[in-house]
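Participant:
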Amino acid sequence: MDKKMTWMAALLLSVCAFGAHAAQDPTAPLGWVASKAKTSQAKARLPQLQSIICDGKQCSVILSGQVVSLGDRVNGYTLTNVSESSVTLSRSGKKWHLALFAENIRTN
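So the sequence shown is residues -22 to -1, 1 to 86, counted in mature numbering (1 follows the signal peptide of the UniProt record, and there is no 0).
Okay, structure coming up:
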């Protein structure tokens, strides 16, 4: 019985050692160590304009499900201008103009 257990333990250890050896790239040069994968920063998505609500002098905008007023930020973008059908967002000195409705709507 002890001999059988010894063989089982030896077999188990050889399988574990083989798995660790297989994790290394066999085509890589000797002594070569893979560099860590570069992590890229996730880019902030441009918010989606869903609605513009104006009552008198104050306008609110719904961007990606969040109610935003002039000067507020969403995903790092600042709401800089609001008109009846479009808004302007800015980030890092760049500006984006978002229209509520597409300009290429055809009527029959």
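All C-beta atoms, glycine included, are put in the ideal place defined by N, C-alpha and C. Note that the structure is a prediction, hence the values are computed from the model and not measured.
Select from Val65, Ala15, Thr17 the residue whose C-alpha is nearest the C-alpha of Ser38.
Facilitator: Counted from its first residue, the sequence shown places residue 38 at position 60. Measuring from the Cα of Ser38, the nearest candidate turns out to be Val65.
Participant: Below 8 Å CB to CB, which residues in the same chain sit around Lys73 once its five sequence neighbours on both sides are set aside?
Facilitator: Stepping through the sequence shown from its first residue, residue 73 is reached at position 95. Within the same chain, Lys73 has close Cβ partners Thr58, Thr66, Leu67.
Participant: Give me the residue from Leu(-10), Pro25, Ser(-9) with the minimum Cα distance to Asn53.
Facilitator: Working through the sequence shown from its first residue, we reach residue 53 at position 75. With distances taken between Cα atoms, Asn53 lies closest to Pro25.
Participant: Span of the beta strand (DSSP E) holding Lys14?
Facilitator: Residue mapping note: residue 14 aligns to position 36 of the sequence shown, counting from 1. Counting along the chain, Lys14 falls outside any beta strand (DSSP E), and DSSP gives it neither H nor E.
Participant: Nearest CA to the CA of Trp10: which residue from Thr17, Gln2, Lys16?
Facilitator: Mapped onto the sequence shown, residue 10 falls at position 32. It is Gln2.
Participant: How is the beta strand (DSSP E) around Arg69 delimited, first residue to last?
Facilitator: Residue mapping note: residue 69 aligns to position 91 of the sequence shown, counting from 1. Run containing Arg69: 64 to 69, per the beta strand (DSSP E) assignment.
Participant: Which whole-angstrom value is the C-beta distance of Leu78 and Leu41, which I expect to be below 8 Å?
Facilitator: Working through the sequence shown from its first residue, we reach residue 78 at position 100. Working through the sequence shown from its first residue, we reach residue 41 at position 63. With a Cβ gap of about 11 Å, Leu78 and Leu41 do not count as contacting.
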